[in-house]
């Protein structure tokens, strides 16, 4: 009885009042997180393509090569996943229906960027890693424009 | 030189050949994962609303109450995040441009479902938890229809 | 003094009253989680055995092969661990002493299933991956029988 | 064809040869991990019961109290889960059928210890936290006896 | 014998040759990660202090309040831990003995910054959250100066 | 107004009063966690160097070899990271300015130990894995001496 009453009351309350503190303009969103990890994906992709296969009759060098290659692939995987996670937080939590009117390609931009993250895992592709960087830069511009702020795009590497 | 050669060759290769094994039709996707965690979100929401506040002059009962409330909120948070993650895997990895033609509300369906996951974290709302279950059921139907399979929708709880 | 009093009182209270909400029949358990990840283990095992080693004088193809192989092994590892975790949640949290009387091979069933998860990590074995699927199906049947519900066993792949 | 051949060969090979390196006697298992986290569970349980509720008309003290209580509950939860994970690794990976003959209560010991971990999450119970410590000590003794080594039981706190 | 030979050879090789690819100047380090999470710690601290306790006779509002407070504390905890992790990666992986000569307070700076992260978890302190922001800004300046690059400090919130 | 008042009051309170419960002498710190994972790093390093490359014309054996090598590298990575995390918890949370006077090489000891963890990831080096064990033993001695307790150093493997 008590429970039913509470939930009935709860459902009638305007939702925005309950989570006003969380959707306020002071939320900390910054595409720089996704930019840093996308840079790591690009860096790892380059390093994997750079790695020289040692002579197969040098077991010690083969072990070092396999350890390095294995780690680079795992780091690429992890960083691509983090890029995807950070981009999707922007898409699902920061961007609101009001933004969709202003940026009609919002969904398409994020869908393609997320699919590029997956492609950078599945492949060792310089082209896709560079396209991911471009997608993150596009989102950086869209994001700061939506806040009417001018934040310079830079790369750490 | 060697590096440049490799990446040049790599970029000219048709992409589908490289990751043919990963985008094949034998991939294991199942909206049941998202359904199970969404059920847990609904269950935790109900239990939080059910919890009876003990008399404030009973310190032992207050400690037990706070422990239970704190855990239920944390479990709701975790399960809502898992639901969001699992739904977004379907959106970014399973669904392809060809599906978008068939399901023009694909992006909108997933955007709203993801936003419901966040709402179920931010609030203790029976209404939103039920709407999340409905969104997952809609995605269940859309998913199995796209595979031309008939899988019965059921709930574990 | 105060502390001692509280803990003394706490220890005398009947334990079942404190966590009644958590062990209730509305808990959300479903062996489908373990079934989905076990399917992924089987799928990855097959794909690893399917992978064709490229000619060693094609460095670009070797890089793609190593990336794919490395990822498949890592995904197999992760999915086998998740299968193990989900099965052990059923064993430690869902099944109670009263079930043990009805299913005398309860411990043995879960011990063997957990050991199969580890075997599927350590090896690339089609046989063990198939045995793991069979173990999960057995647990699916045992679980739903214990709840006196009839839930159809199906595979997503 | 090639695939079928490989898997056929693979399944005929004796399993122990493949993972000989992993089940060797040089594996690093030590119940000390579970002992440390179980101590943290006990410590957090005591501290939660120790916390003095401030006067409700002191908002600053209430905020500090809630922050501390919330963190203690979360740390207790996390450490109990780690204890459970570490104990179950011993049960599923270290202990083998040959040990079961020597320790017929092996399954029962681990089942009860795992259930104590869950109880220490669900409740704030000094009794169950102490019983968990006793269960870990019992497993410490069983484990080192099985390796015919004498390792002194000590506590860090 | 073979093993001994390999490890003997391995230990005689100059270490820098093995991990040249990993310590190269193209590594992606950026204190912006720590800045974003430190901003979230500050934001959460402010929001916790801002939260108005509802009237105790309004159960629905109390549930919403507890949910929000619990989440803010958990997010503060998580973000402070991420800040700590990201700062310590800079300290342990980016900064090298050669930097220590140039920045004699390197260890002290990072020790204090890490301790501020812990203080921001343990307390709800506006002062410590602001001091953490100042510590991250100091590290931002130290880091980019060590790379002889000029990167503007900005805040997302 | 209310908010400003609270934070003003909060900032004037002596910090030690707020987190007295958390920095108490009953905190559970034990370098044994870092010792166990460092042993695993050493064990994995040895096993990687031990692995015999199979004949390249035996595809089934090559698959088993690659699976094992890949897993050993991943486990070494994970355990080295855990060792680093556990050591840094001691450095940032347990050791206080008062200890620094007694152990002037405190910062240097932990910096080098953390850098050894990274080296054990980047390389497959028996020498560095042994040096890491020695660093952990030094920290074990420093830690227990600071608590004026005598705890015997032992290894699980």
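Chains as they are written, first to last, in my numbering: chain A, 1 to 157; chain W, 158 to 314; chain R, 315 to 471; chain C, 472 to 628; chain Y, 629 to 785; chain H, 786 to 942. Where a beta carbon is used, it is the ideal one built from N, C-alpha and C, also for glycine.
> Is DSSP giving residue 67/A helix, strand or coil here?
Replying inline: Sequence index remark: in the first chain, residue 67/A carries index 67 (1-based). The answer is helix: DSSP assigns residue 67/A an H, G or I state.
> Can you tell me the Cα-Cα spacing of residue 300/W and residue 188/W, whole angstroms?
Replying inline: Within the second chain, residue 300/W is the residue found at index 143, counting from 1. Within the second chain, residue 188/W is the residue found at index 31, counting from 1. If you take the alpha carbons of residue 300/W and residue 188/W, they lie about 8 Å apart.
> Which of the three DSSP states, helix, strand or coil, is assigned to residue 461/R?
Replying inline: In the third chain, the residue the question calls residue 461/R occupies position 147. The answer is coil: DSSP assigns residue 461/R none of H, G, I, E or B.
> For the putative contact between residue 718/Y and residue 767/Y, defined by C-beta atoms under 8 Å, what is the C-beta separation to the nearest angstrom?
Replying inline: Counted from its first residue, the fifth chain places residue 718/Y at position 90. Counted from its first residue, the fifth chain places residue 767/Y at position 139. The pair is a contact, with the Cβ atoms about 7 Å apart (cut-off 8 Å).
>> Counting only Cβ pairs nearer than 9 Å, list the residues of chain H close to residue 721/Y.
In response: Taking the fifth chain and counting its residues from 1, the one referred to as residue 721/Y is at position 93. The contacting residues are 899, 900, 903.
> So, using beta-carbon positions, are residue 385/R and residue 77/A closer together than 8 Å?
Replying inline: To locate residue 385/R, count along the third chain from 1; it is residue 71. To locate residue 77/A, count along the first chain from 1; it is residue 77. In contact: residue 385/R and residue 77/A (Cβ atoms closer than 8 Å).
>> Does any residue of chain W have a CB that is nearer than 8 Å to the CB of residue 651/Y?
In response: The residue labelled residue 651/Y in the question sits at position 23 within the fifth chain. Unreliable positioning characterises residue 651/Y in this predicted model, as indicated by a pLDDT of 35, which lies under 50. The coordinate reading is nonetheless provided below. Not one chain W Cβ lies under 8 Å of residue 651/Y.
> Would you say residue 865/H faces chain A, with C-beta separation under 8 Å as the test?
Replying inline: By one-based count along the sixth chain, residue 865/H stands at place 80. Cβ-Cβ to chain A under 8 Å: no for residue 865/H.
> For residue 39/A versus residue 115/A, is the C-beta distance shorter than 8 Å?
Replying inline: In the first chain, residue 39/A corresponds to position 39, counting from 1. In the first chain, residue 115/A corresponds to position 115, counting from 1. Not closer than 8 Å, so no.
> With respect to the alpha helix (DSSP H) encompassing residue 780/Y, which residues constitute its N-terminal and C-terminal limits?
Replying inline: To locate residue 780/Y, count along the fifth chain from 1; it is residue 152. DSSP places residue 780/Y in no alpha helix (DSSP H); its state is neither H nor E.
>> Short of 8 Å in beta carbon distance, which residues of its chain neighbour residue 814/H, apart from the five on each side in sequence? Order them along the chain.
In response: As a working mapping, residue 814/H is identified with position 29 in the sixth chain. Only 874, 875, 878, 879, 928 meet the Cβ criterion.
> Any beta-carbon of chain C closer than 8 Å to the one on residue 340/R?
Replying inline: Here residue 340/R corresponds to residue number 26 of the third chain, with the count starting at 1. In this predicted model, residue 340/R has a pLDDT of only 41, less than 50, meaning its place in the structure is not dependable; the value taken from the coordinates is given anyway. Judged by the 8 Å Cβ criterion, residue 340/R is not in contact with chain C.
>> Would you say residue 70/A lies against chain H (beta-carbon separation less than 8 Å)?
In response: One-based indexing of the first chain puts residue 70/A at position 70. Chain H, which has a Cβ nearer than 8 Å to the Cβ of residue 70/A, makes this yes.
>> So residue 120/A and residue 45/A are supposed to be a Cβ contact under 8 Å. How far apart are they, rounded?
In response: The residue given as residue 120/A occupies position 120 in the first chain. The residue given as residue 45/A occupies position 45 in the first chain. The beta-carbon distance between residue 120/A and residue 45/A, rounded to whole angstroms, is 7 Å. This is short enough to meet the 8 Å contact definition.
>> Taking a contact to mean a Cβ-Cβ separation below 8 Å, would you say residue 309/W touches residue 466/R in this structure?
In response: Stepping through the second chain from its first residue, residue 309/W is reached at position 152. Stepping through the third chain from its first residue, residue 466/R is reached at position 152. Against a cut-off of 8 Å, the Cβ pair of residue 466/R and residue 309/W comes out as a contact.
>> With the cut-off set at 8 Å, would you say residue 314/W and residue 256/W are in Cβ contact?
In response: Counted from its first residue, the second chain places residue 314/W at position 157. Counted from its first residue, the second chain places residue 256/W at position 99. Result no, Cβ atoms of residue 314/W and residue 256/W do not sit closer than 8 Å.
> Name the chain R residues that come within less than 8 Å of residue 919/H, Cβ to Cβ?
Replying inline: Here the question's residue 919/H lines up with position 134 in the sixth chain. Residues of chain R passing the Cβ test: none, with the nearest at roughly 31 Å.
>> Can you find the residues in the same chain that come closer than 7 Å, C-beta to C-beta, to residue 574/C, ignoring five residues on each side of it along the sequence?
In response: The count along the fourth chain starts at 1 and reaches residue 574/C at position 103. Correct list, in chain order: 613.
> Count the other CB atoms within 10 Å of the CB of residue 86/A; is the residue buried (16 or more) or exposed (fewer)?
Replying inline: Translated into the one-based positions of the first chain, residue 86/A becomes position 86. Result: buried.
>> By alpha-carbon positions, which one of 447/R, 373/R, 463/R ends up nearest to residue 393/R?
In response: To locate residue 393/R, count along the third chain from 1; it is residue 79. Its Cα nearest to that of residue 393/R, the residue 447/R stands out among 447/R, 373/R, 463/R.
> Name the chain A residues whose beta carbon is nearer than 7 Å to that of residue 834/H?
Replying inline: Counting from one through the sixth chain, the residue named residue 834/H turns up at place 49. Under the 7 Å cutoff, chain A gives 63.
> residue 739/Y lies in the alpha helix (DSSP H); which residues open and close that run?
Replying inline: As a working mapping, residue 739/Y is identified with position 111 in the fifth chain. Going by DSSP, residue 739/Y is part of the alpha helix (DSSP H) stretching over 734-750.
> Cβ of residue 528/C within 7 Å of any heavy atom in the ligand FAD?
Replying inline: Among the ligands in the structure shown, none appear at all, so the ligand FAD cannot be discussed.
> Given a threshold of 16 other Cβ atoms within 10 Å of its Cβ, counted over all protein chains shown, does residue 55/A qualify as buried or as exposed?
Replying inline: Taking the first residue of the first chain as position 1, residue 55/A is located at position 55. Residue 55/A is exposed by the Cβ-count criterion.
> Given a threshold of 16 other Cβ atoms within 10 Å of its Cβ, counted over all protein chains shown, does residue 531/C qualify as buried or as exposed?
Replying inline: As a first step, residue 531/C is located in the fourth chain; it is residue number 60 there, counting from the start. Result: buried.
> Which whole-angstrom value describes the C-beta separation of residue 897/H and residue 920/H, a residue pair presumed to lie in contact below a C-beta threshold of 8 Å?
Replying inline: As a working mapping, residue 897/H is identified with position 112 in the sixth chain. As a working mapping, residue 920/H is identified with position 135 in the sixth chain. 7 Å between Cβ atoms; contact.
> Along chain W, which residues have their Cβ under 8 Å away from the Cβ of residue 694/Y?
Replying inline: Start at 1 with the first residue of the fifth chain, and residue 694/Y comes out as number 66. Within 8 Å Cβ-Cβ: 226, 230.
> Distance, Cα to Cα, residue 395/R vs residue 886/H?
Replying inline: For the purposes of this step, residue 395/R is taken as residue 81 along the third chain, with counting starting at 1. For the purposes of this step, residue 886/H is taken as residue 101 along the sixth chain, with counting starting at 1. Separation of residue 395/R and residue 886/H (C-alpha to C-alpha, rounded to the nearest whole angstrom) is 45 Å.
> How far does the alpha helix (DSSP H) with residue 43/A in it reach, from first residue to last?
Replying inline: Against the first chain, residue 43/A aligns to sequence position 43. Unbroken alpha helix (DSSP H) run through residue 43/A: 32-50.
> Beta-carbon of residue 471/R versus every beta-carbon of chain H: anything under 8 Å?
Replying inline: Mapped onto the third chain, residue 471/R falls at position 157. Answer no: the Cβ-Cβ gap between residue 471/R and chain H never drops below 8 Å.
> Relative to the C-alpha of residue 868/H, which residue among 858/H, 902/H, 892/H is closest?
Replying inline: For the purposes of this step, residue 868/H is taken as residue 83 along the sixth chain, with counting starting at 1. Selected option, being the one with the closest Cα: 902/H.
> In chain H, which residues lie less than 7 Å from residue 718/Y when you measure between Cβ atoms?
Replying inline: Residue 718/Y sits at position 90 when you count from the first residue of the fifth chain. Those within 7 Å of residue 718/Y in chain H number zero; the least Cβ separation is about 12 Å.
> For residue 821/H, which residues in chain C fall below 8 Å Cβ to Cβ?
Replying inline: Along the sixth chain, one-based indexing puts residue 821/H at 36. Chain-ordered, the chain C residues with CB closer than 8 Å to the CB of residue 821/H read 499, 501, 503, 504.
>> Buried or exposed for residue 832/H, going by 16 or more other Cβ atoms inside 10 Å?
In response: Looking up residue 832/H in the sixth chain gives position 47. With 16 or more other Cβ atoms inside 10 Å of its own Cβ, residue 832/H counts as buried.
> Is residue 721/Y helix, strand or coil when you go by DSSP?
Replying inline: Within the fifth chain, the letter at position 93 stands for residue 721/Y. Annotated three-state conformation of residue 721/Y is helix, per DSSP.
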